[in-house]
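Chemist:
Residue numbers (the numbering used here), protein chains in the order written: chain A, -16 to 385; chain B, 760 to 1177.
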């Protein structure tokens, strides 16, 4: 019998491989968290290659910063991670203060902790709700937004805005808290605490949720460090790093005297794991489930910090002090500072030339580094896993594209 | 009705049957269209309540009950778009194929003892087979849309629906075996009486297989957590990504029609059909099938019973949809092939042996003394000889016995002297 050649029509019997298909997921796709474009090379349902394309939300924020004074640029930081604008304000304010060697008052310091941790809760609530949406369940999203609305109401009372606050500013905060605010905040925390159990029932321990997230998109600690991942993505891989404890002194001194445990798995256990649902047996350290769970733990951790901050703030006498003047001159020199934002380590770089306008402004985005591992995580996964993995990284395009 | 037209109004036979078919089709169409309106409104309200929202509150008064109608008008007025690369004819055909499949299955679905578009002696088979045709519309839509996301949705649907028909068929066969008939009317009539006569409570195996049926039914009508074909977070909108306006709404009418259909089928097969939990009519001295005015009302109440049970099933599907995340395609297939199919097969065998040993069901079977069971198993009149006989096509105790019925049980009129 003659051997078969490629021209032989019978060859089809031996070659059942199908063609690969190039699919664009985004920039107008419902689950890419903004305007991220993912180019997938798929063989049926299996993704063999994934490439993220970014830049659809680029607004030259850094260049604008080189034409405005340091305080004038605060509203532009709002629009980077618009889900945690308070933390962005704080990062920029701190780096300018670092260059100017300015120290804020004790009261302003505690108020900054209070506001930043509330911002962290609100950001993680969006991350959690949107993650449920990525996995096809709609209700947790609205449950998360219901609680987030209450935080936004509190923020609105402090500065009048609900999304882009510009509240924390260079040299302090734009205003002190209105009377009666702390009681409202405490009432919110008391009401919010039992709600977290609902989230655990709906998502964290839900059998289908565990099936969809456990052992999916496993990020090894080495790879996480190599790609410069940070925040819950890094801690979800079991790396014990949190700038609130390990950062530069100008940032960590803000948290002096505050008690908190970094939400990371050590020796197979999470801190205070007796009050949280157990880690499912299918879950592997560094998978989507662990990244999600770290965020949920940080919500509780931030609630503790807010409570501590309320106590310390109310113990302080006097005023929070005045923020720096709009046209305050920036000394010659440069400064770089990373802070622990909800999404990860957000860094700002600033070069001053003696005028009020910075000579150079740069930002280092945590979401950008976190997104850079996505092609490693998605190699060989199914199409349905792509939203699950991208969602677990919890990226914000405003921060990546700036 | 056909008889009435032929004998009283004196119409020719073909015209009488055509008119009857037209009226039945009109009524069934209204059940689907009206049902879709109500269910879409209900889904909005239920989803809203589950999610701490209000849902529609303005359209048509306090509860927004005209919302679906307003939506329908909006969809009618929308521009009917078709992608440039689409296969025009198939693209336009697809929604109607889907809708027709769902609609045709309703023809054989009885709503009460004689409230049925066309009583078929293979009703179960017909409904399941025709409902399976709905997948053609989805595949056509996905193929003709010239969109990769639509194609993904269509392929998922094809894989899923074809797989789930296997365990679904096995679940459906169990009540058929118990009733000894494929006629949906007969199956429901066999469950008349008290709640314990429902096939759900016939024996432990039927109880388990009912839940397998529920799982497979949800999967075969593409509802969450099995709504992979239109998974909005993965495939934009799946097979109907490129559809707009009225064509899009036809897919939804088909979806809600199918939801109602599988729920009604569950009610007939396992939950006693139009028989309430208490045999109220029998206690009051009525019996269905004799045809006077009082019995007409009994049937109307029965129709309400069945509608209520089916609506309850639809509501449960909505509840599940707004609670659970979506499964992945491989997990959906695992659920079908590794769990549903073997469990259904096992339960099928279990019911078979149960029928052999305790043919009357759990309650009646255990109420009999043990000796009688053994006697019946060996040589008793209703025992081995009866159970081992091949299943008759129509049950011997069918309320309207027409022996050796043709596929469509149109009564032969040749012996009638006008």
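For glycine and all other residues, C-beta sits at the position ideal for the given N, C-alpha and C.
Keep in mind that this is a model prediction, so the values were computed, not measured.
With contact counted as at least three CB pairs below 8 Å, one residue from each stretch, are the segment 172 to 189 of chain A and the segment 324 to 340 of chain A in contact?
Modeler: No: the two stretches stay apart, fewer than three of their Cβ pairs being nearer than 8 Å.
Chemist: Would you verify that the beta carbon of residue 772/B is, or is not, closer than 8 Å to some beta carbon of chain A?
Modeler: Taking Cβ atoms only, chain A never reaches closer than 8 Å to residue 772/B, which makes this a no.
Chemist: Which chain A residues sit within Cβ distance under 9 Å of residue 1085/B?
Modeler: 118, 119, 120, 191, 195, 367, listed in chain order.
Chemist: Would you check if the segment 100 to 112 of chain A and the segment 61 to 73 of chain A touch, i.e. whether three or more CB-CB distances between them fall below 8 Å?
Modeler: Yes, the segment 61 to 73 of chain A is in contact with the segment 100 to 112 of chain A.
Chemist: Does residue 365/A come out as helix, strand or coil in the three-state DSSP assignment?
Modeler: Looking at residue 365/A - three-state DSSP - the assignment turns out to be strand.
Chemist: Can at least three beta-carbon pairs, one atom from the segment 964 to 984 of chain B and one from the segment 924 to 933 of chain B, be found at a separation below 8 Å?
Modeler: Yes, they touch.
Chemist: Candidates 1016/B, 919/B, 946/B, 876/B: which alpha carbon is nearest residue 986/B's?
Modeler: The shortest Cα separation from residue 986/B among 1016/B, 919/B, 946/B, 876/B belongs to 919/B.
Chemist: Please state the DSSP three-state secondary structure of residue 942/B.
Modeler: The answer is coil: DSSP assigns residue 942/B none of H, G, I, E or B.
Chemist: With a CB to CB cut of under 7 Å and the five nearest residues on each side skipped, what residues in its chain are close to residue 226/A?
Modeler: So the qualifying residues of the chain are 234, 321, 322, 323, 328.
Chemist: Can you tell which of 380/A, 150/A, 126/A has its C-alpha closest to the C-alpha of residue 57/A?
Modeler: For residue 57/A, the nearest C-alpha among the options comes from 150/A.
Chemist: Just curious, the alpha helix (DSSP H) that residue 291/A is in, first and last residue?
Modeler: First-last of the alpha helix (DSSP H) with residue 291/A: 271 to 298.
Chemist: Please report the distance separating the alpha-carbon of residue 50/A from that of residue 41/A.
Modeler: Taking the straight line from one Cα to the other gives about 17 Å.
Chemist: At least one CB of chain B closer than 8 Å to the CB of residue 370/A: is that the case?
Modeler: At least one chain B Cβ lies under 8 Å of residue 370/A.
Chemist: My output table needs one value for residue 861/B: the three-state DSSP class, helix, strand or coil.
Modeler: Helix at residue 861/B.
Chemist: List, from N- to C-terminal side, the alpha helix (DSSP H) runs of 4 residues or more that fit wholly inside the segment 148 to 236 of chain A.
Modeler: Listed in chain order, the complete alpha helix (DSSP H) runs (minimum 4 residues) inside the segment 148 to 236 of chain A are 164 to 182, 190 to 196, 204 to 209, 215 to 219, 226 to 229, 232 to 235.
Chemist: Which residues of chain A have a Cβ atom closer than 9 Å to the Cβ of residue 974/B, listed in chain order?
Modeler: In chain order: nothing, as chain A lies at least about 13 Å away.
Chemist: Excluding the 5 residues flanking residue 365/A on each side, which residues of the same chain have their C-beta closer than 8 Å to its C-beta?
Modeler: Answer for residue 365/A: 28, 29, 30, listed in chain order.
Chemist: Could you work out which residues of chain A lie near residue 995/B, taking near to mean beta carbons separated by less than 7 Å?
Modeler: In chain order: 12, 13.
Chemist: On the DSSP bridge list, what partners appear for residue 7/A?
Modeler: In DSSP, residue 7/A forms a bridge with 22/A.
Chemist: Check the Cβ-Cβ distances between residue 965/B and every residue of chain A, and say whether any is below 8 Å.
Modeler: Not an interface residue.
Chemist: Am I right that residue 865/B and residue 876/B are in contact with their C-beta atoms under 8 Å? What's the rounded C-beta distance?
Modeler: About 7 Å; that satisfies the 8 Å criterion.
Chemist: From the DSSP output, in three-state form, read off residue 326/A for me.
Modeler: Coil.
Chemist: Closer than 6 Å by C-beta to residue 355/A: which residues in its own chain qualify, once you throw out the five before and the five after it? Chain order, please.
Modeler: 210, listed in sequence order.
Chemist: Taking just the CA atoms, how far does residue 1021/B sit from residue 99/A?
Modeler: Computed Cα separation, rounded: 52 Å.
Chemist: Could you give the residue range of the alpha helix (DSSP H) that holds residue 1101/B?
Modeler: It spans 1100 to 1116 - the alpha helix (DSSP H) in which residue 1101/B sits, taken as one unbroken run.
Chemist: Using a Cβ distance threshold of 8 Å, determine whether the segment 1070 to 1088 of chain B contacts the segment 868 to 888 of chain B, with at least three qualifying pairs required.
Modeler: Not touching, per the Cβ criterion.
Chemist: Would the segment 988 to 1008 of chain B count as touching the segment 1092 to 1103 of chain B if we require 3 or more Cβ pairs under 8 Å?
Modeler: Touching, no.
Chemist: Please list the partners that residue 1082/B has in chain A, where partner means a Cβ-to-Cβ separation under 8 Å.
Modeler: 120, 122, 185, listed in chain order.
Chemist: Given this structure, state the Cα-to-Cα distance separating residue 205/A from residue 269/A, to the nearest angstrom.
Modeler: Straight-line Cα distance between these residues: approximately 11 Å.
Chemist: Going by DSSP in three states, residue 1002/B sits in which element: helix, strand or coil?
Modeler: Three-state result, residue 1002/B: coil.
Chemist: If you scan the segment 770 to 821 of chain B from start to end, which runs of the alpha helix (DSSP H) of 4 or more residues do you find wholly inside it?
Modeler: Taking only runs of at least 4 residues, the alpha helix (DSSP H) segments lying wholly in the segment 770 to 821 of chain B are 772 to 809.
Chemist: To be precise: take each residue of the segment 123 to 153 of chain A, compare its Cβ to all Cβ atoms of chain B, and keep it if any distance is under 8 Å. Which residues remain?
Modeler: Here the close residues are 125, 126, 129.
Chemist: For residue 1035/B, tell me which candidate among 1090/B, 952/B, 980/B has the shortest Cα-Cα distance.
Modeler: The residue with the shortest Cα to Cα distance from residue 1035/B is 952/B.
Chemist: Would you say residue 231/A lies against chain B (beta-carbon separation less than 8 Å)?
Modeler: Not an interface residue.
Chemist: Of the residues 939/B, 1090/B, 871/B, 821/B, which one's Cα is nearest the Cα of residue 191/A?
Modeler: Selected option, being the one with the closest Cα: 1090/B.
Chemist: Name, please, each residue of chain B whose Cβ falls closer than 8 Å to the Cβ of residue 115/A.
Modeler: Residues of chain B passing the Cβ test: 1084.
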